[in-house]
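Enquirer: Let me begin by handing over the structure; questions about it come next.
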Ligand code: SF4
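Numbering (my numbering), first residue to last: 5 to 101.
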């Protein structure tokens, strides 16, 4: 399947940040609800190694939907996340709150 399928609305570059951006409370409770985070707040993303996770924590996007800078982990687990190709997120761009 092509990354540029019709359900991609935004192509958002992933950038490096010096300090990891914390997940907001909503994202945390969503992650806990789907079993991707334990009660202590430790992330358990399926298919993501600790090394990858460490790298993902130092990446961010300027999200066009939430209109703010978000950590890449939050973007990765977002329902709008379609794929990541060559340092760019293919975002479905659906309105989210
Ligand atoms: S996938 Fe979600 S967090 Fe990432 S850019 Fe799109 S709306 Fe923003």
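Yeah, the Cβ is synthetic: ideal placement off N, Cα and C, and Gly gets one too. Note that this is a predicted model, so its numbers are computed, not measured.
Following a CB-centred definition, is residue 100 positioned closer than 7 Å to any heavy atom of the ligand SF4?
Expert: Under cutoff, so the answer is yes.
Enquirer: Evaluate residue 63 with the Cβ neighbour count: other Cβ atoms within 10 Å of its Cβ, from every protein chain shown; 16 or more gives buried, anything less gives exposed.
Expert: Under this definition residue 63 is a buried residue.
Enquirer: Report all residues from its chain with a CB closer than 6 Å to the CB of residue 100; omit the five preceding and five following residues, and keep chain order.
Expert: These residues qualify, in order along the chain: 69.
Enquirer: Going by alpha carbons, who is nearest to residue 35 out of 97, 95, 96, 79?
Expert: The candidate whose alpha carbon is nearest that of residue 35 is 79.
Enquirer: With H, G and I counted as helix, E and B as strand and the rest as coil, what does DSSP make of residue 17?
Expert: Of the three classes helix, strand and coil, the one that applies to residue 17 here is strand, per DSSP.
Enquirer: Measure the alpha-carbon distance for residue 5 versus residue 12 and round it to whole angstroms.
Expert: Unreliable positioning characterises residue 5 in this predicted model, as indicated by a pLDDT of 47, which lies under 50. The coordinate reading is nonetheless provided below. For residue 5 and residue 12, the distance between alpha carbons rounds to 12 Å.
Enquirer: Would you report the Cα separation of residue 29 and residue 45, rounded to the nearest angstrom?
Expert: Those two C-alpha atoms are separated by around 11 Å.
Enquirer: In terms of DSSP beta bridges, what is residue 41 paired with?
Expert: In DSSP, residue 41 forms a bridge with 47.
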